[in-house]
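A.B. asks: Structure incoming, see below.
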Amino acid sequence: MSRRIQGIGMTSRRTRERMISRLREQGIYNSKVLAVMADTPRHIFVDEALESRAYEDTALPIGHNQTISQPYIVAKMTELLLEKGALHKVLEIGTGCGYQTAILARLVEQVYSVERIAPLMKKARDTLWELNIKTVGFKHSDGGWGWPEHAPYDGILAAAAPAEIPEALLEQMAVGGVMVIPVGLEGMQELHRITRTEQGFEDEVIERVSFVPFLSGVTQ
Ligand code: SAH
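In the numbering used here, the protein residues as written are 4 to 223.
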């Protein structure tokens, strides 16, 4: 393993273990999620100047006006997604730096990740390659369309908040599938978990959250 991946001091395995203890205190209980987060170097997903802050429980800038989600929210969304059983095919909207993507890729068979900002997608692809994660499909597109070619998905996770859930994402859920998504305008967003049943959709409101907005169109 390269030295950069391994980390040292504020980016070492020990610092990562402290992050895991904090996540436990915050109520994260899924041991698989915690193990994968303990094993995944978060510092290589941010700029070198921010590496020493990578294990703080905070969102950090990743350029293009976007942020890497805080560790608690990554853990919570992953846990909510996995709670209803093992997942095979997961669609992620909003790759960003790819940290959430890496966590998902280590817990499910196949991840498809859509990002509207091309340079972020390319950088995330390189970082995951560096970590030897090769089961992720990337697409530069507006996630509001989902990724119909691979549907239906038994899990969908969105890292940006739309005012309302895009119809295409609901359509691309398998029966029994789960979607974890922040919904609402800035300052009044809530995290939802939608489950598709034979009869329709169940909607659980989990907690208040703060995400970047879900934007339409793409940026080269
Ligand atoms: N989990 C990511 C979160 C990044 S922030 C991380 O930890 O890095 C949310 C991301 O969603 C941003 O990169 C933003 O560009 C992207 N995004 C916003 N609206 C989108 C849309 N309609 N389709 C695809 N990506 C979108």
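Glycine included, each C-beta is placed from N, C-alpha and C at the ideal position. Predicted model only: the values in this text are computed from it and were never measured.
If you drop the 5 nearest sequence neighbours on each side, which residues of the same chain put their C-beta closer than 7 Å to that of T104?
C.D. replies: The residues are E95, T98, V114, S116, A127, L131 and V139.
A.B. asks: Looking only at its own chain, which residues have a Cβ that is under 8 Å from the Cβ of P151, when we skip the five neighbours before and after it?
C.D. replies: Counting only Cβ-Cβ distances below 8 Å, and skipping sequence neighbours, we find A171 and Q175.
A.B. asks: For a quick check, are the C-beta atoms of I8 and I47 less than 8 Å apart?
C.D. replies: Yes, the pair counts as a contact, with Cβ atoms nearer than the cut-off.
A.B. asks: Helix or strand or just coil, what does DSSP make of Q103?
C.D. replies: Correct three-state label for Q103: helix.
A.B. asks: Which residue wins for smallest C-alpha separation from L134, given the options L37, P44 and G12?
C.D. replies: That would be P44, whose Cα lies nearest to the Cα of L134.
A.B. asks: Can you name, in chain order, every residue of its own chain whose Cβ lies under 6 Å from the Cβ of L37, other than the five neighbours on each side?
C.D. replies: Taken in chain order, the residues that qualify are I23.
A.B. asks: Entirely within the segment 114–184 and at least 4 residues each: give me those alpha helix (DSSP H) ranges in chain order.
C.D. replies: Listed in chain order, they are 121–133 and 170–174.
A.B. asks: Can you check which of these residues, I184, G158 and K35, is closest to H91 by C-alpha distance?
C.D. replies: Residue G158 is the option with its Cα nearest to H91.
A.B. asks: Any idea if M182 is buried or exposed, counting beta-carbon neighbours within 10 angstroms, 16 or more meaning buried?
C.D. replies: The residue in question, M182, is buried, as its Cβ has 16 or more Cβ neighbours within 10 Å.
A.B. asks: Going by Cα to Cα distance, which pick from E54, M124 and D206 is closest to H143?
C.D. replies: H143 has its Cα closest to that of M124, out of E54, M124 and D206.
A.B. asks: From R199 to Y156, what distance separates their C-alpha atoms?
C.D. replies: Cα-Cα distance, rounded: 11 Å.
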